[in-house]
Amino acid sequence: MTSTAPETQRGQDAGDPLGEQPTSWQRRLRRFGHVPRPETPLRDRLDPPYTRPGRQVWSVLAIPPQVADRLVRWSGWGGPLLVTLVAGLLRFWRLDQPKAVIFDETYYAKDAWALVNQGYEGSWPKDVDKLILKDPSSVPIPTDPGYVVHPPVGKWIIGFGEQLFGFTPFGWRFMVAVLGTISVLLLCRIGRRLFRSTFLGCLAGLLLAVDGLHFVMSRTALLDLIVMFFVLAAFGCLVVDRDRSRRRLADALPVDEEGVLRPDARIAETLRLGWRPWRLGAGVMLGLAFATKWNGLYVLAAFGLMTVLWDVGARRTAGAARPYMAVLRRDLIPAFLSTVPVAIVTYIVSWTGWIVTDKGYYRNWAATEGKGSSWGWLPDWLRSLWHYENQVYDFHVGLTSGHTYESNPWSWLVLGRPVSYFYEEQTGCKESSTGKCAAEVLAIGTPLLWWLACFALAYVVWRWLFRRDWRAGAIACGVAAGWVPWFFYQERTIFLFYAVVFVPFLCLAVTMLLGAIVGPAVGTGARADLGLTSKDPTGERRRTLGAIAAGVLVLLIIWNFIYFWPLYTGTSIPEDLWRDRMWLDTWV
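Sequential numbering from -6 applies to the sequence shown in the working numbering.
Now the structure itself:
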């Protein structure tokens, strides 16, 4: 097999701010693990190739070369689709269980039903959930406007599933399960493009498919999984945009007499990269994330900075003497216009139902309490919306009331305090020594995956700081954008399940670590710091041991997901077995 390890990928950027050539001070840091990157052709640095399985694999399997080539071509989509199929079967199996309104479904399922039927959320009476479960057709939609504290996109999506399958648990969970399944496909393809390896891409998707928090959130009508989907889609758009823009730079550079691509400062600094629809798509996706929950705004800022730095790295690699100035002149304004204004317009458009129905909460504020304002030259609907948003912001920052399952973001990665969405105790259970059985839906990540992710994040940060690997920087950016903002609101009531927004990036980090554990393929350019050469037999042994270790870790993660399956699905089990799964006291 050719190398699938991130350590030796041919396409690492030697000219990126997140992956540049080692400087003198970096060379002095070799004692900490920094090693200079081997020379890579310029085209491979700008447009890296994908790894391909070695011929020996197909010969062992007795597969003819023509069939092997066809399988390799199909694997780019076939592998991700197979992983997605498994993820979909898991997520849709008994999706209507438990047949209850669990946790915050009591808000979003009802708001979504009102939204898709009348264009705005209604003020539902208390204790209506039991009537909905018994006979939803007998429950009228309230026409009085309801005060809601989240934008409407996520509820429109949930409501679409209710329109298809009714005002039932399956109906309000359907579209969330669809997005959870598609996000596995997205991560497979993103990981493949990021690591230039179909195997590592499918591994990242598989890890996401068996993560408990992602799984539970995919089967619950809450908004955070929807935010995660749009954030991941935006990240994928930016990665594709990065590849396309760098390929355009490579195609524009001169080729010498020997057919070797050469850097050119004038081209690198003056070339306009033209129409970039994928970056525009990222702006729309980030706008939809922001229009689902406001924490998408932090991701917009982080990803906007990241994509600009990628442009700096591309122009530097192509030969620009002053890459920052070149980006400032050529790329900064188009990057801003294709993300921030697009996201803002997307956000405003998402409020169309509230605007046109003229009956939503605070909809007529500008014509009543806000009349006579100095901003009266603006449309009434816009001033009313602005007032609404101010009130919602005050609500969020002032939400300090205690909750049984609240947690500090410092404890999220170690799963310090998961959230119980549903718990039901049954008596007369003969299989239990206590005579009781328990059924619970616990929003908790797969423990072994998350605890391994703690080490993987440390490895990713190390690779970014000392190896200047742009992929490690991108993964760290995704985690930081979804996690760090919550540290500024520690006095606010916050929960572990907010972390689902950056779970895909944790899976990418673990994948990167596992790729490093497997190590490079001997005979395709070995790592100098490990002393591996194409004739070194210890290299093959090291790779075999690495593959076994990585495989064992993946199997343990899958086993851990299966072990906690009853707690993810609300399956009734003897109380003894339920307590066996409460590994930490804070999980009860």
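Note that CB positions come from ideal geometry on N, CA and C, so glycine has one too.
Just so we're clear, the structure is a prediction, and the values are computed from it rather than from any experiment.
Would you kindly work out how many angstroms separate the C-alpha atoms of residue i and residue j, rounded to a whole number?
i: leucine 178; j: glycine 198; result: 7 Å
i: alanine 64; j: leucine 196; result: For clarity, residue 64 is leucine in the given sequence; the question names alanine instead. The straight-line gap from Cα to Cα measures roughly 18 Å.
i: alanine 359; j: threonine 300; result: 39 Å
i: tryptophan 580; j: leucine 489; result: 12 Å
i: tryptophan 403; j: leucine 546; result: 25 Å
i: tryptophan 303; j: serine 190; result: 21 Å
i: tyrosine 291; j: alanine 509; result: 31 Å
i: phenylalanine 188; j: glycine 252; result: 27 Å
i: methionine 318; j: threonine 263; result: 10 Å
i: threonine 439; j: serine 211; result: 14 Å
i: methionine 278; j: isoleucine 541; result: 39 Å
i: arginine 460; j: alanine 467; result: 14 Å
i: isoleucine 550; j: threonine 350; result: 49 Å
i: proline 34; j: glycine 289; result: 38 Å
i: tyrosine 43; j: tyrosine 140; result: 51 Å
i: tyrosine 561; j: aspartate 249; result: 60 Å
i: alanine 295; j: arginine 66; result: 34 Å
i: arginine 45; j: arginine 36; result: 18 Å
i: glycine 363; j: isoleucine 341; result: 20 Å
i: histidine 207; j: tryptophan 165; result: 17 Å
i: isoleucine 134; j: arginine 356; result: 19 Å
i: tryptophan 558; j: valine 79; result: 15 Å
In chain order, what residues of the same chain have a beta carbon less than 6 Å from the beta carbon of residue i, not counting five sequence neighbours either side?
i: tryptophan 444; result: none
i: glycine 194; result: Cys181, Gly184, Arg185
i: phenylalanine 167; result: Gly154, Phe158
i: aspartate 120; result: none
i: aspartate 324; result: Asp304
i: proline 484; result: Looking at the sequence provided, one finds glutamate at residue 484 rather than proline. Only Thr393 meet the Cβ criterion.
i: valine 511; result: Ala(-2), Gly539, Ala540, Ala543
i: glycine 524; result: The pLDDT assigned to glycine 524 is 34, lower than 50, so where the model puts this residue is not dependable; a value taken from the coordinates is nonetheless given after this. There are no such residues.
i: phenylalanine 163; result: Leu88, Asp89
Among residues of its own chain, excluding the 5 on either side of residue i, which ones have a beta-carbon nearer than 8 Å to its beta-carbon?
i: threonine 486; result: Leu392, Thr393, Ser394, Gly395, His396, Glu399
i: tryptophan 271; result: Cys230, Leu231, Val233, Asp234, Arg237
i: glycine 297; result: Ala328, Phe329, Thr332, Val333
i: phenylalanine 448; result: Leu506
i: arginine 240; result: Leu39, Asp40
i: aspartate 573; result: none
i: alanine 258; result: Gly312, Ala313, Ala314
Per DSSP, which one or two residues make a beta bridge with residue i?
i: glutamate 418; result: Ala431
i: proline 91; result: According to DSSP, proline 91 bridges with nothing at all.
i: valine 248; result: Leu254
i: glycine 115; result: Pro138
i: proline 567; result: Cys430
i: serine 413; result: Leu435
Ignore the nearest five residues each way along the sequence and tell me which others in residue i's own chain have a CB closer than 7 Å to its CB.
i: serine 343; result: Pro144, Pro145, Val146, Ala284
i: leucine 450; result: Val472, Ala502
i: aspartate 122; result: Val94, Thr99
i: lysine 352; result: Tyr113, Pro138
i: valine 142; result: Val385, Phe388, His389
i: phenylalanine 160; result: Trp106, Ile125, Pro129
i: tyrosine 491; result: Asp217, Trp479
i: tryptophan 86; result: none
i: serine 366; result: Arg376
i: alanine 170; result: Arg84, Phe85, Leu88, Ser211, Arg212
i: tryptophan 576; result: Pro440
i: leucine 406; result: Trp443, Ala446, Cys447
Find out if the Cβ-Cβ distance for the pair residue i, residue j is shorter than 7 Å.
i: glycine 274; j: threonine 339; result: no
i: asparagine 553; j: leucine 441; result: yes
i: glycine 115; j: alanine 102; result: no
i: valine 132; j: leucine 126; result: no
i: phenylalanine 222; j: leucine 266; result: no
i: glycine 152; j: valine 109; result: yes
i: tryptophan 457; j: alanine 469; result: yes
i: aspartate 204; j: valine 496; result: yes
i: tryptophan 374; j: isoleucine 348; result: yes
i: alanine 282; j: valine 224; result: yes
i: glycine 81; j: threonine 174; result: yes
i: leucine 201; j: cysteine 500; result: yes
i: alanine 336; j: leucine 293; result: yes
Give a yes or no on whether the minimum CB-CB distance between residue i and chain B is below 7 Å.
i: lysine 103; result: Checking the listed chains, one finds no chain B in this structure; it contains a single protein chain.
Segment contact, 8 Å Cβ cut-off, at least three pairs: the region 404 to 414 with the region 427 to 435: yes
I want to know whether the region 563 to 573 touches the region 420 to 434 - three or more CB-CB distances under 8 Å. Contact between the region 563 to 573 and the region 420 to 434 is present: three or more C-beta pairs spanning the two stretches fall below 8 Å.
For the 8 Å Cβ check, are there 3 or more pairs between the region 216 to 226 and the region 241 to 256? These segments do not touch.
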